[in-house]
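Notes for the one structure printed next.
Protein chains in written order, with this note's numbering: chain A, 33 to 151; chain B, 3 to 117.
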C-alpha cells in the first residue's frame, strides 16, 4: 500500500525566511508520481508540481523549489523568501499509474502541513 | 488546465436528508474522482466516477451512502444520503485528462454542514 507522511503539522515563520516542507513516501512500485498541492484559506486545492519517479532532477519555479531523492523516499518543498500569501496548508501526494498492478490514478495524500507566514 | 465548477459551493442540511453535488468540467476528461476532506483533515478518495458504468468505491465507502453518476465525459454527481453530522466535510471533485503523466485538478469544493 502507498503512504505519504508529512511529519510537520504546523510551521510558523516570519516573512522573508526560507522554509522547507518535508514529505516522505512509501510505495513498492517503481513507477509512481509525486505531487504538491496548496490549499489556501479559501479551501481550493491548487496544483503546484508533479514529479515522475524516473526523473530525480530538482526543480525550481520562482521562489519555489523541490528536492526529490529516491534514496530517502523524500520529496521536499522549499519556499525561499516566504511571503504572507504563502500561508496555506500544503499537501504532498502520490499516485500510481493505471498500468501498474493495482494502480488507479487516485491520489494518496499526506496529512498536510499548515504554514503560517507572519509579517 | 480544465476549469471545474461545483454546485452548491456550500450548504447546511438537516440530519436524515440527502444532498446531490454537481461537478462540471469545461472539457472532456478521462477520469473524474470524488474526495472528502473532513474538518482539519487530509483528503480521502471516496470513489472514481466511471463514465457509463458504476463508480469504483474505496474501502469504507459504499454506493448506498454515496451514489455517484457520470453520464458523460464532462459531468458527474455525488449524493450524500441520509446525512449525519459526521458527514460534515468539504467534498471535492477532481479530474484528470489524457495519460498517466498528467496532473489532477480539483474543483473549488462543496462545504457541507449537517445539523
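Every residue, glycine too, gets a C-beta built ideally from N, C-alpha and C. What you are looking at is a predicted structure, and each value in this text was computed from that prediction instead of being measured.
By DSSP, does residue 91/A sit in helix, in strand, or in coil? strand
Worksheet entry | Pairwise C-alpha distance: residue 30/B and residue 10/B | 21 angstroms
Could you tell me the boundaries of the beta strand (DSSP E) in which residue 34/B lies? 33-39
| said: Here's the rule: buried if 16 or more other CB atoms are within 10 angstroms of the residue's CB, otherwise exposed. What is residue 44/A? | reply: exposed
Quick check: what's the CA-CA separation for residue 50/B versus residue 74/B? 14 angstroms
With 9 angstroms set as the bound, which would you pick, yes or no: does the beta-carbon of residue 102/A sit closer than that to a beta-carbon of chain B? no
Taking the alpha-carbon of residue 15/B as reference, which of 76/B, 84/B and 99/B has the nearest alpha-carbon?
Of the listed residues, the one whose Cα sits closest to residue 15/B is 84/B.
Inset, instruction - Can you give me, in chain order, the residues of the stretch 75-108 of chain B that have a beta carbon less than 7 angstroms from any beta carbon in chain A? - result: 92, 94, 98, 102, 103, 105, 106, 107 and 108
On a Cα-Cα basis, can you pick out the residue from 96/A, 97/A, 103/A and 78/A that is closest to residue 86/A? 103/A
* To do: Have a look at residue 68/A and residue 114/A and give me their C-alpha separation to the nearest angstrom.
  => 17 angstroms
Between residue 118/A and the rest of its own chain, which residues show a CB-CB distance below 6 angstroms, the 5 nearest in sequence each way excluded? Around residue 118/A: 111 and 149.
- request: Using 10 angstroms around the beta-carbon of residue 18/B, count the other beta-carbons present and answer buried if the total reaches 16, otherwise exposed.
  value: That one is exposed.
field: Per DSSP, cross-strand counterpart(s) of residue 13/B
entry: 114/B
Which first and last residues belong to the beta strand (DSSP E) in which residue 150/A is found?
145-150
Q) Taking the alpha-carbon positions, what's the residue 89/B to residue 72/B distance? A) CA-to-CA, the gap between residue 89/B and residue 72/B works out to about 22 angstroms.
Taking the beta strand (DSSP E) that residue 73/B falls in, what are its first and last residues?
70-74
- Task: Could you tell me whether any Cβ in chain B is nearer than 9 angstroms to the Cβ of residue 77/A?
- Result: Flagged as an interface residue toward chain B: residue 77/A, by a C-beta distance shorter than 9 angstroms.
**Asked** For residue 77/B, which residues from the same chain have a beta carbon less than 8 angstroms from its beta carbon, with the 5 sequence-adjacent residues on both sides left out?
**Response** 24, 25, 26 and 27
Notebook entry, point to check: Where are the beta strand (DSSP E) runs, 3 residues long or more, that stay fully inside the stretch 44-120 of chain A, in chain order?
Noted result: 51-53, 56-58, 65-71, 78-84, 91-93, 96-101 and 106-111
Near-chain A residues of the stretch 30-62 of chain B (beta-carbon distance less than 7 angstroms), N- to C-terminal order = 33, 35, 44, 45, 47 and 50
So does residue 94/B have its beta carbon nearer than 8 angstroms to some heavy atom of the ligand MN? Inclusion of the ligand MN in the displayed structure is not the case, the ligand content being empty and no account of it being possible.
- prompt: What number of angstroms, rounded off, separates the C-alpha of residue 46/A from the C-alpha of residue 127/A?
  reply: Straight across, the Cα-Cα distance linking residue 46/A with residue 127/A is about 33 angstroms.
Could you check which residue in 72/A, 77/A and 64/A has the C-alpha nearest to that of residue 116/A?
72/A
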